[in-house]
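Reading through the structure tokens given below for one structure.
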Amino acid sequence: MNRFAHRIGRRGLLGGAGALLAMPAIAQTAQTTLRFATLYTPQHSANRSSQWFADEVSKQTDGKLHIQVYPNAVLGNEDEAVQGVRNGTIDICYGGVVGFGGYVRDIRVLELPYLYSDLDQLAQVANNVAPIIDTLYSNVGLKRLSFQFDGPRMTLATRPLRSFADFKGLKMRVPQSPVYIEMVKAFGAIPTPIALPEAYTALQAHVADAIEGSATSMYTSKYYEVARNLVRTDHIFFTSYVAINPGVFGRLPAEWQKILVDTGNRATDYNLQISKAASQADLAQLVKVSQSVSTPDREPFKKAVQVPNEKYAASLGGRAMELYKQVQAVTGH
Numbered sequence: 021m022n023r024f025a026h027r028i029g030r031r032g033l034l035g036g037a038g039a040l041l042a043m044p045a046i047a048q049t050a051q052t053t054l055r056f057a058t059l060y061t062p063q064h065s066a067n068r069s070s071q072w073f074a075d076e077v078s079k080q081t082d083g084k085l086h087i088q089v090y091p092n093a094v095l096g097n098e099d100e101a102v103q104g105v106r107n108g109t110i111d112i113c114y115g116g117v118v119g120f121g122g123y124v125r126d127i128r129v130l131e132l133p134y135l136y137s138d139l140d141q142l143a144q145v146a147n148n149v150a151p152i153i154d155t156l157y158s159n160v161g162l163k164r165l166s167f168q169f170d171g172p173r174m175t176l177a178t179r180p181l182r183s184f185a186d187f188k189g190l191k192m193r194v195p196q197s198p199v200y201i202e203m204v205k206a207f208g209a210i211p212t213p214i215a216l217p218e219a220y221t222a223l224q225a226h227v228a229d230a231i232e233g234s235a236t237s238m239y240t241s242k243y244y245e246v247a248r249n250l251v252r253t254d255h256i257f258f259t260s261y262v263a264i265n266p267g268v269f270g271r272l273p274a275e276w277q278k279i280l281v282d283t284g285n286r287a288t289d290y291n292l293q294i295s296k297a298a299s300q301a302d303l304a305q306l307v308k309v310s311q312s313v314s315t316p317d318r319e320p321f322k323k324a325v326q327v328p329n330e331k332y333a334a335s336l337g338g339r340a341m342e343l344y345k346q347v348q349a350v351t352g353h
């Protein structure tokens, strides 16, 4: 038994998916429950979109298909959640390059720094590349249902940072992803990969001097309590993904399959709208609670990542460069 399955077992949460995989079909007369693993607090726009998706599916199926959303990474961190969906111990999960990028390397190119000007550009790229993404996911045993959007990502630090030079030697918490590690190196800082559920205590214990993330994630997770200085680096707008285990999906009635796909597409549009509003509202709150707020000249940051971006995109192989060109066609970057 792998570590993740053992962890889920201790919590008594191994029902659902295993039973679904063992059944030849799922009757529409009895209620079926699918477990949906997410990362953030219930207040986060990603979680609100996930709950909206779950509620809409329940309405469309007259309550016969129930999706239980588990926030705060209670079913495992991002990588463990994606692994759980692939092996069938979890039905649906939310994740980004940290989770899905381990299996679909090509998507990492969509999250490189300083590619997009706003969430609308990001959503346009996601819509354009959706057929490619869906093929790549299918090849590794995943079925994408929805996109989710967030950003821009910025920085909270334990000391004021007013210029590119101030980042030199800074211990910066980043996701466990090469995209973020290489970006922080280009900034002259020291990448400190730490799983998201452990980020608050890492800042508190001075294992890290700073954290980067969207205003929504940093405000709803209260990182400002231990890193009081907001720095508007605005370095990444990013796409995350909602995916289901194909075996679970395939055993659902065709009517329910259509509802899941259609509702997933609607959830993408819903998420874009609430993410725009949340990023503005949460940024305003973050500004209020921060000890200092600075907006350094971003040109040195953009210049520092330009060559690493291109080299990294070329190194990924597969369809990464095709995706990268799709980004450039939309954004001109």
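Take any residue in the sequence shown, note its place counting from 1, add 20, and you have its number in our numbering. C-beta: ideal position from N, C-alpha, C; glycine also. If you're wondering where the values come from, they're calculated on a predicted model, not measured in any experiment.
In summary, threonine 155 is exposed, with fewer than 16 beta-carbon neighbours lying within 10 Å of its beta-carbon over all protein chains present.
Nearest to asparagine 265 by alpha-carbon distance, out of Glu330, Leu85, Thr109, is Thr109.
When only Cα atoms are considered, valine 94 and alanine 57 end up about 8 Å apart. Under the 8 Å Cβ criterion, the stretch 244 to 262 counts as touching the stretch 175 to 189, having at least three qualifying pairs. With contacts defined as CB atoms closer than 7 Å, glycine 171 and phenylalanine 257 qualify as a contacting pair. Restricting attention to alpha helix (DSSP H) runs no shorter than 4 residues, the stretch 48 to 90 encloses them at 65 to 80, ordered along the chain.
Distance from the Cα of glycine 189 is smallest, within the candidate group Asp229, Pro180, Pro198, for Asp229. One Cα belongs to leucine 292, the other to arginine 55, and the distance between them is close to 23 Å. Judged by their CB atoms, alanine 66 and valine 89 are not nearer to each other than the 7 Å cut-off.
Under a 10 Å Cβ-count criterion, proline 133 is classified as buried, with 16 or more other Cβ atoms of the shown protein chains found around its own Cβ.
Cβ-Cβ distances below 6 Å link alanine 287 to Ser69, Phe73, Ser166 in the same chain, with the five nearest sequence neighbours on each side left out; the list follows chain order.
With respect to the 7 Å criterion, alanine 235 and leucine 306 are classified as neighbours on the basis of their beta carbons. For arginine 339, there is no enclosing alpha helix (DSSP H), as DSSP gives it neither H nor E. In terms of Cβ geometry, glutamate 100 and valine 199 do not form a close pair [threshold 7 Å].
For threonine 109, the three-state secondary structure derived from DSSP is coil.
Note on geometry: alpha-carbon atoms of glycine 104 and cysteine 113 lie some 9 Å from one another. The stretch 147 to 187 contains, as complete beta strand (DSSP E) runs of 3+ residues, the segments 163 to 177 (chain order). Residue burial annotation: valine 309 is exposed, with fewer than 16 other C-beta atoms found within 10 angstroms of its C-beta.
A distance below 7 Å separates the beta carbons of glutamine 63 and threonine 240. Between lysine 84 and glycine 119, the alpha-carbon positions lie close to 30 Å from each other. In the structure shown, tyrosine 239 adopts helical secondary structure according to DSSP, grouped into three states. Our two residues, serine 197 and proline 213, have alpha carbons roughly 8 Å apart in a direct line.
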